[in-house]
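Colleague: Quick note, in the numbering used here, the first sequence goes up one by one and the last residue is 510. Idealized CB from N, CA, C, for every residue including glycine. Handing you a structure now.
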Amino acid sequence: MEKKVRVRFAPSPTGGLHLGGVRTVLYNYLFAKQHGGDFVLRIEDTDQNRYVPGAEEYIFECLKWVGLEPDESPLHGGPYAPYRQSERKEMYRQYAEQLVKQGNAYYAFDTPAELEAMREKFRTEENPSPQYNHSLRGRMRNSLTMSEDEVSRLLKEGTPHVIRIKMPENETLTFTDIIRGEVHFNSSLVDDKVLLKADGMPTYHLAVVIDDYSMKITHAFRGEEWLPSAPVHLLLWKYLGWEQEMPQWAHFPLILKPDGHGKLSKRDGDRLGFPVFAMNWKDPRNEELTHGFRELGFLPEAFINMLAVLGWNDGTEQELFSLEELVNKFSLENVHKGGAKFNYEKAKWFNHEWIKKLPVDRWQSTVRKEFEKNGIIIKDEEKFIRVLELVKDRCTLLTDFFTQASFFFKAPEALDVASVKPKWNEDKSMFFDILSEKLTTLEEWNATAIEALFKETATEKGIKMGELQLPFRIMLVGGKFGPTVFDIAALIGKEETIARIRKGLSDIGL
RNA sequence: GGAGCGUUGGUCAAGGGGUUAAGACACCUCCCUUUCACGGAGGAAUCACGGGUUCGAUUCCCGUACGCUCUACCA
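So, in structure tokens, the structure goes:
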């Protein structure tokens, strides 16, 4: 019988959720749902120094926003609770002790200062970062070099210590990565990683193995930066006797900076002017605000879509995918091996496509809030929808709607008179005078009728339509943008149109 | 320094022993529109390098270069 697929995303609550993290969530989610499996969210909060209040709640809100909610988590509960590593603290030591008893790990009493001294002492140009490994552990203060009596005395006295894995010498460690195929390591080149810290908390290495085992995780996906520590995890699965239960691994390619090389960081976003976090993140320690995709006007559908194809594609020309389609079409085999540079322009293109693709009611309320924030209260919902339909082609971000459509609800404050003034004359002035008169008596108020009247009047005055449309636009809109002028006039209504012509006339002067 | 991983246009990328090496974003030209966009047509631009294997390599093999990641009592 096939085991039920179970995957997990295991963030540490240290700050905003990076777009790469969201992609990892996405790929996990897609894989799980495709196989009818479970998606587990586990909080890796074993580093008490890095704990940031609010970060966990923030992660949940992000997942909710993008629609990738876990089946099990500290918030959603589940049969393998607790899902917060700090709450599972007790079990880790027990396993670490077991490893010591088996001879696969050992106590180490070296203080941070001693470790630093060791690194200092052995650092050379050839070896800039000396490791605590098979060749050095014999010279350090640990249960391998000290007598049993001394070790138990130190332990009894409560001397701070860690537990380190004892990496074997010269073993070839191999595993098959779903994306990369067979990967090999020589165990001699891996250091004796700390498993249990002096404060009793496990390190990632120990915790990830124990939790993946006890939560029955079948497939473990993470970023490529974890590849070098895979041999440690491999050995842990083996030493703990769980080799048969080890999940299948896949290491995802990294998302890189748009310029130069290297992992994309929050700093790059600040520097280059685009978001890196899913949502706004305010660091409680310094009140610093980092902008997120959500607040900048991205649709979750677009955000997900853009992330999905950053490192994966289905082999066809299709670029626009809904979450449902992704669940059906995603495959780890088609995930790229190489990292991809993030391209903000393309990200915006996806958003624009989704604005056009989705029915207005999917984002209408978000835009309404944006309007309200800027002092425009929408009273006529029907008109609002017509306006949104009319301008959506020219909005890339949800936040663009305000500049593209606020004039439908509020007369422009300043008119770009400079662009009409040079060609302005008395004839034109008279034209608008007459036009506003005639509009008063226009019975049917729609774009076609307004345009017909406009044309008729222009012909009477012997002025070309084109000469008059721009001034008309400036009067109604304030600037050189927006949809067809007659559509605008139709939507803002007779009174308002006439009022704006009058105001425009006086602003332009003669 | 070491180890691991990677390398198709500026970017995302399809493809894979014989192809005119798709497509998208960006860029350029033109059309549409007497606003700004959308849209449409076209253009420029790519298989890191060197050796093999082969009748034939972008594709397979081996090197080299370059890049990235890791090298913490962080994840």
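1) Whole angstroms is fine: what's the gap from V162's alpha carbon to E97's?
2) Straight-line CA distance for G509 to A411?
3) Name the residue from E225, Q48, A499, V417 whose alpha carbon lies nearest to the alpha carbon of P202.
4) Which stretch, first to last residue, makes up the alpha helix (DSSP H) that contains Q85?
5) Leaving out the 5 sequence neighbours to the left and right, which residues in its chain are closer than 7 Å to V477 when beta-carbon positions are compared?
6) Could you check whether Q85 and Y239 sit closer than 8 Å to each other, using their CB atoms as the reference points?
7) Assign D45 to one of two classes, buried (16 or more other C-beta atoms within 10 Å of its C-beta) or exposed (fewer than that).
8) Verify whether the separation of the beta carbon atoms of P300 and G138 is less than 8 Å.
9) For V420, collect the residues of the same chain with a Cβ closer than 8 Å to its Cβ; drop the 5 residues on either side in sequence, then sort them by chain order.
10) Between the segment 415-432 and the segment 376-392, do at least 3 Cβ pairs fall closer than 8 Å?
11) Going by beta-carbon coordinates alone, are R164 and V194 separated by less than 8 Å?
12) Just curious, the beta strand (DSSP E) that A278 is in, first and last residue?
13) Going by the beta-carbon positions, is the gap between F298 and L388 smaller than 8 Å?
14) Under 8 Å, do P483 and V360 count as touching if we go by C-beta distance?
15) Could you say which of Q94, I255, F221 lies nearest to V276 if we only look at CA atoms?
16) Could you give the C-beta distance for N133 and F109, rounded to a whole number, given that I count them as a contact under 8 Å?
17) In the DSSP assignment, find the beta strand (DSSP E) that holds Q131 and state where it starts and stops.
18) Determine the DSSP secondary structure at Q248, reduced to helix, strand or coil.
19) By the 10 Å Cβ neighbour count, where 16 or more other Cβ atoms means buried, how is S129 classified, buried or exposed?
20) Which residues mark the beginning and the end of the alpha helix (DSSP H) in which A490 is found?
21) Pick out whichever of E287, A250, V335, K461 has its Cα sitting closest to the Cα of P53.
22) Round the Cβ separation of S183 and D177 to the nearest angstrom and send it over; I've been treating them as touching at under 8 Å.
23) Under a Cβ-count criterion, where at least 16 other Cβ atoms within 10 Å of its own Cβ denotes burial, should A117 be classed as buried or exposed?
24) According to DSSP, is S506 helix, strand or coil?
25) For R271, is the classification buried or exposed, using 16 other Cβ atoms within 10 angstroms of its Cβ as the cut-off for buried?
26) Short check: CB of A278 to CB of L17, under 8 Å?
27) Please report the straight-line C-alpha distance between E148 and K216, rounded to a whole angstrom.
28) Reducing DSSP to helix, strand and coil, say where T497 ends up.
29) How many whole angstroms separate the CB atoms of G292 and N280, which I take to be in contact at a CB cut-off of 8 Å?
30) Pick out whichever of P228, E245, Y344 has its Cα sitting closest to the Cα of P258.
31) I'd like the ranges of any alpha helix (DSSP H) spanning at least 4 consecutive residues and lying wholly in the segment 160-245.
32) Considering only residues of the segment 99-155, which uninterrupted beta strand (DSSP E) runs meet the minimum length of 3 residues and lie entirely inside it, listed in chain order?
Modeller: Here's the rundown:
1) The sequence position of residue 162 within the first sequence is 162, counting from 1. The sequence position of residue 97 within the first sequence is 97, counting from 1. So the alpha carbons of these two residues sit roughly 11 Å apart.
2) The count along the first sequence starts at 1 and reaches residue 509 at position 509. The count along the first sequence starts at 1 and reaches residue 411 at position 411. Their backbone Cα atoms lie some 18 Å apart in a straight line.
3) Start at 1 with the first residue of the first sequence, and residue 202 comes out as number 202. If we check each option's Cα against that of P202, Q48 comes out closest.
4) Within the first sequence, residue 85 is the residue found at index 85, counting from 1. That residue, Q85, is in no alpha helix (DSSP H); it is neither H nor E in DSSP.
5) Taking the first sequence and counting its residues from 1, the one referred to as residue 477 is at position 477. These residues qualify, in order along the chain: F407, P412, I488.
6) Numbered from 1 along the first sequence, position 239 holds the residue referred to as residue 239. Numbered from 1 along the first sequence, position 85 holds the residue referred to as residue 85. No. Outside cutoff.
7) Here residue 45 corresponds to residue number 45 of the first sequence, with the count starting at 1. With 16 or more Cβ atoms within 10 Å of its Cβ, D45 is classed as buried.
8) Locating residue 300 in the first sequence gives position 300, where the first residue counts as 1. Locating residue 138 in the first sequence gives position 138, where the first residue counts as 1. Going by C-beta atoms, P300 is not nearer than 8 Å to G138.
9) In the first sequence, the residue the question calls residue 420 occupies position 420. So the qualifying residues of the chain are L470, P471, I474, I508.
10) no
11) What you label residue 164 is simply residue 164 of the first sequence in a count that begins at 1. What you label residue 194 is simply residue 194 of the first sequence in a count that begins at 1. The answer is yes: Cβ separation under 8 Å.
12) Counting from one through the first sequence, the residue named residue 278 turns up at place 278. Where A278 is concerned, there is no enclosing beta strand (DSSP E), given that its DSSP letter is neither H nor E.
13) Walking along the first sequence from the start, residue 298 turns up at place 298. Walking along the first sequence from the start, residue 388 turns up at place 388. Not a contact, by the Cβ cut-off of 8 Å.
14) The residue labelled residue 483 in the question sits at position 483 within the first sequence. The residue labelled residue 360 in the question sits at position 360 within the first sequence. Not in contact: P483 and V360 (Cβ atoms no closer than 8 Å).
15) As a first step, residue 276 must be located in the first sequence, where it is residue number 276. When only C-alpha atoms are compared, the closest one is I255.
16) Numbered from its first residue, the first sequence carries residue 133 at position 133. Numbered from its first residue, the first sequence carries residue 109 at position 109. Wrong, their Cβ atoms sit about 17 Å apart, outside the cutoff.
17) Along the first sequence, one-based indexing puts residue 131 at 131. Where Q131 is concerned, there is no enclosing beta strand (DSSP E), given that its DSSP letter is neither H nor E.
18) Within the first sequence, the letter at position 248 stands for residue 248. The answer is strand: DSSP assigns Q248 an E or B state.
19) In the first sequence, the residue the question calls residue 129 occupies position 129. It counts as exposed.
20) Mapped onto the first sequence, residue 490 falls at position 490. A490 -> alpha helix (DSSP H) spans 485-492.
21) Walking along the first sequence from the start, residue 53 turns up at place 53. Nearest C-alpha to P53: E287.
22) By one-based count along the first sequence, residue 183 stands at place 183. By one-based count along the first sequence, residue 177 stands at place 177. First, the residue type needs correcting, since residue 183 is Val and not Ser in the sequence shown. The pair is a contact, with the Cβ atoms about 5 Å apart (cut-off 8 Å).
23) Residue mapping note: residue 117 aligns to position 117 of the first sequence, counting from 1. Per the 10 Å Cβ criterion, exposed.
24) As a working mapping, residue 506 is identified with position 506 in the first sequence. Helix at S506.
25) What you label residue 271 is simply residue 271 of the first sequence in a count that begins at 1. Exposed is the call here.
26) Translated into the one-based positions of the first sequence, residue 278 becomes position 278. Translated into the one-based positions of the first sequence, residue 17 becomes position 17. For A278 and L17, yes; Cβs fall inside 8 Å.
27) Mapped onto the first sequence, residue 148 falls at position 148. Mapped onto the first sequence, residue 216 falls at position 216. Looking at the two C-alpha atoms, the distance is approximately 37 Å.
28) For this step, residue 497 is matched to residue 497 along the first sequence. Residue state, collapsed to three classes: helix.
29) Taking the first sequence and counting its residues from 1, the one referred to as residue 292 is at position 292. Taking the first sequence and counting its residues from 1, the one referred to as residue 280 is at position 280. Their Cβ separation, rounded to whole angstroms, is 5 Å, which keeps G292 and N280 in contact under 8 Å.
30) As a working note, residue 258 is residue 258 in the first sequence. For P258, the nearest C-alpha among the options comes from Y344.
31) 204-214, 230-239
32) 105-108
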